[in-house]
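Residue numbers (the working numbering): -1 to 392.
Where a beta carbon is used, it is the ideal one built from N, C-alpha and C, also for glycine.
What you are looking at is a predicted structure, and each value in this text was computed from that prediction instead of being measured.
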Amino acid sequence: MHNIKTQVTIIGGGPAGLTLSHILDHAGIENIVLERQSKEHVLSRIRAGVLEPAAAQLLRDIGLGERMDANGKSKDGTKIVWQDRPDFFIDTKKWTGQPMMAYGQTNITEDLYEARERDGAQIYTEAKGVQIHDIDTSDPSVTFTQGTEQYKISSDYIAGCDGFHGPSRQAIPTSVRKEYERVYPFGWLGIMVEKPPLEDFIYAYHKDGMAMAAQRNPMLSRYYVQVPTSDSIDDWSDQRFWDTLLHRFPEELSSKIQTGPSIEKSIAPLRSFVSEPMSFGTLFLAGDAAHIVPPTGAKGLNLAFSDVYYLSRALQHHYSEGSDHYLEKYSEMALRRVWAAENTSWWLTKLLHYFPDEDKFDQKIRENDYDLLLTSEDHQRALAYEYIGLPFED
Ligand code: RFL
Ligand code: PHB
């Protein structure tokens, strides 16, 4: 057994874990990252594409904004189109003065790995069998194996950044942990295609289900269609995907969509989930480890960044000023922003998807919600503010 000591052990080398490691390192706080997968695997995952202004600014503030500002695309908002109704634009630029940023999670993770390697970070990839010990004491530890070697890391704190399926959340006793969940009866089937995208990010409501147009760069488009949870990607040939997508978009847009062979295809089930509290003893959860939002609204990665902002500030206060004020407030503060995002993405999910068990009353409410957006500036402003997310709290 190799015995190692550090200040903060970070479980998970996704965006939350790597960003936390980067910020702590630059603040002189020693940390070690444990990632179950290989770096190649982490970098091959295709996920988010849209950053809120606060998340984009955080990346700039920590010295990781250069490639984002050069290659990402500033967007004034996101379009909604609706079968047989006028289009609507969530105009974040107009109402809040702030644009969104289109820059893929894959690129952000590449930038993070590059910066962490440049700075000589301690990252154990392919760390298997991670177990968490003694989080109710001031001497917690993590054990794991890498290849044939066994390790024990003792630290002051453990940051659980290991996503929805990781072990960190489960380490909080069930007597303390409260979980809130909504599982939707559908998923998003997403494909990547090497063709120029539409100008805007667009959610399309259609009575048969939602469709979405997204983008990564001028030669890479990402499209989604709502599918039943029971479907698998084998049910979806490229031809069936394109037929469905084009059918769900209005003609003037579907005629502009450039189709082609998919280079990636996957189904993500939709879920809303929050685990409270986000800390227990010396363990602090951040990102998908503590909460999941459905992709409608593009909040998941953004919440990972706001958690990391709050947690890194709390740890810096602890080490540099001897104050635990922010550590004690971490869960409460992070959860305020989490629930706001849960609310927005749940509302947008209801607005834009067909629910198999819905009735005509549900449809009338949905149409009324959309008509309010079309006609009321107060609703337009409110949604724009929700879409950019709450500002980070002092
Ligand atoms: P991640 O990215 O899941 O990373 C967690 C890491 O922990 C590792 N891990 C372990 N490591 C060690 N030991 C263990 N036992 C471990 N178990 C797990 C994992 O291998 C992984 O590397 O969580 P993190 O860092 O909290 O980041 C969260 C984001 O990835 C997620 O919220 C977003 O991708 C969600 N999301 C979107 N978010 C946005 O803000 N904007 C978007 O436009 C957006 N679009 C999306 C999305 C997610 C999607 N899918 C596939 C779920 C679109 C899709 C389709
Ligand atoms: C994406 O770019 O993949 C994306 C954008 C907005 C969403 C979900 C996914 O709401």
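Check	Outcome
First and last residue of the alpha helix (DSSP H) that includes Lys176?	Note, Lys176: premise wrong, no alpha helix (DSSP H); beta strand (DSSP E) at Lys176 to Val191.
Using beta-carbon positions only, say whether Pro183 and Thr227 come within less than 8 angstroms of one another.	yes
Expressed to the nearest angstrom, what Euclidean distance is found between the alpha-carbon atoms of Asp392 and Gly10?	27 angstroms
Suppose you measure from the CA of Gln148 to the CA of Met331; what does that come to, to the nearest Å?	37 angstroms
Is it the case that the stretch 336 to 353 contacts the stretch 361 to 368, given that we only count it when at least three CB pairs across the two stretches are under 8 angstroms?	yes
What are the boundary residues of the beta strand (DSSP E) that includes Tyr324?	Careful: Tyr324 lies outside any beta strand (DSSP E), inside the alpha helix (DSSP H) at His323 to Leu350.
Measuring alpha carbon to alpha carbon, tell me which residue in His315, Leu281 and Val306 is nearest Asp132.	Leu281
Apart from the five residues on each side of it in sequence, which residues of its chain come closer than 6 angstroms, Cβ to Cβ, to Met208?	Gln224, Leu350 and His351
Considering just the uninterrupted stretch of the beta strand (DSSP E) at Thr135, what are its terminal residues?	Careful: Thr135 lies outside any beta strand (DSSP E) and carries neither H nor E.
Based on DSSP bridge pairs, tell me the residues matched to Asn215.	Leu218
When you measure from the CB of Val306 to every non-hydrogen atom of the ligand PHB, does any distance come out below 7 angstroms?	no
Curious, which full-length beta strand (DSSP E) runs of at least 3 residues does the stretch 263 to 314 contain?	281 to 283
Count Cβ pairs between the stretch 12 to 25 and the stretch 310 to 323 that sit closer than 8 angstroms; are there 3 or more?	yes
Comparing C-alpha positions only, which one of Glu64, Phe87, Asp305 and Ile290 sits nearest to Tyr324?	Asp305
Name the two residues that bound the continuous alpha helix (DSSP H) containing His39.	Lys37 to Ser42
Would you kindly check if the distance between the Cβ of Val48 and the Cβ of Asn29 is under 8 angstroms?	no
Please determine whether the Cβ atom of Asn300 lies at a distance below 7 angstroms from any heavy atom of the ligand RFL.	yes
Please return the same chain residues whose Cβ sits closer than 7 angstroms to the Cβ of Val336, not counting the five positions on each side in sequence.	Val272, His289 and Leu301
Starting from Trp80, trace the beta strand (DSSP E) in both directions and tell me its first and last residue.	Gly75 to Trp80
What are the boundary residues of the beta strand (DSSP E) that includes Asp85?	Arg83 to Asp89
Span of the beta strand (DSSP E) holding Lys362?	Taken as a continuous stretch (DSSP letters only), Lys362 belongs to no beta strand (DSSP E), being part of the alpha helix (DSSP H) at Lys358 to Thr373.
Give every residue of the same chain whose Cβ lies closer than 7 angstroms to the Cβ of Glu50, excluding the five residues on either side of it in the sequence, and list them in chain order.	Met98, Asn300, Ile386 and Gly387
Do you know whose CA, among Ile2, Tyr101, Gly258 and Phe87, lies nearest Gln378's CA?	Phe87
Since Ala157 sits in a beta bridge, which residues does DSSP pair it with?	Ile8 and Phe282
Can you name, in chain order, every residue of its own chain whose Cβ lies under 6 angstroms from the Cβ of Glu179, other than the five neighbours on each side?	Phe271
Have a look at Asp241, Ser42 and Asp137 and flag the residue whose alpha-carbon is nearest the alpha-carbon of Thr257.	Asp241
Per the DSSP calculation, Thr143 is bridged to which residue(s)?	Lys126 and Gln148
Report whether the distance from the Cβ of Phe199 to the nearest heavy atom of the ligand PHB is below 7 angstroms.	yes
Does DSSP put Ala52 in a helix, in a strand, or in coil?	helix
The ligand PHB: which residues have Cβ under 5 angstroms from any of its heavy atoms, chain order?	Gly47, Val48, Ala212, Arg220, Pro293 and Ala296
Run the CB neighbour count on Met66, radius 10 Å, all protein chains shown included, and call it buried at 16 or more, exposed below.	buried
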